[in-house]
Amino acid sequence: MAKKEELDEETMALINWCIEVEKHLVAGGATQAQAQEHIEENVEWFTDMFYDELTPEQAAKEALA
């Protein structure tokens, strides 16, 4: 069995932020699978929004626009 890799705090914060964005995308009409796929396909864009300190709700609104 492979050793589980520890993620740093910043990476965990980004992952948790993306989970919140996903919830807002679903609330905006996307399926969970569509929301996950969109985030995965645009990970650099979402990462930029995270570092620009947009809230998950603001990021989802940008994605749904």
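According to the numbering used here, the stretch in the sequence shown is residues 1427 to 1491, in order.
Cβ coordinates follow ideal geometry from the N, Cα and C atoms, glycine included.
Quick caveat, the model's predicted, so the values are computed rather than measured.
Measure how close the beta-carbons of residue 1440 and residue 1489 come, nearest whole angstrom, since I'm counting them as under 8 Å.
-> As a first step, residue 1440 is located in the sequence shown; it is residue number 14 there, counting from the start. As a first step, residue 1489 is located in the sequence shown; it is residue number 63 there, counting from the start. Taking the Cβ atoms as the reference, residue 1440 lies roughly 16 Å from residue 1489, outside the contact range of under 8 Å.
By Cβ distance, which residues of its chain are closer than 7 Å to residue 1465, with the 5 residues on each side in sequence left out?
-> Within the sequence shown, residue 1465 is the residue found at index 39, counting from 1. Excluding sequence positions up to five before and after residue 1465, its CB lies within less than 7 Å of the CB of 1444, 1447, 1448, 1472, all in the same chain and listed in chain order.
Output the distance between the C-alpha atoms of residue 1437 and residue 1476, rounded to the nearest integer angstrom.
-> In the sequence shown, residue 1437 corresponds to position 11, counting from 1. In the sequence shown, residue 1476 corresponds to position 50, counting from 1. Looking at the two C-alpha atoms, the distance is approximately 11 Å.
Reducing DSSP to helix, strand and coil, say where residue 1478 ends up.
-> On the sequence shown, position 52 is the one that residue 1478 refers to. If DSSP states are grouped into helix, strand and coil, residue 1478 belongs with coil.
Go through its chain and collect everything with a Cβ distance to residue 1482's Cβ below 7 Å, but skip five positions before and after it.
-> As a working note, residue 1482 is residue 56 in the sequence shown. So the qualifying residues of the chain are 1443, 1446, 1447, 1450.
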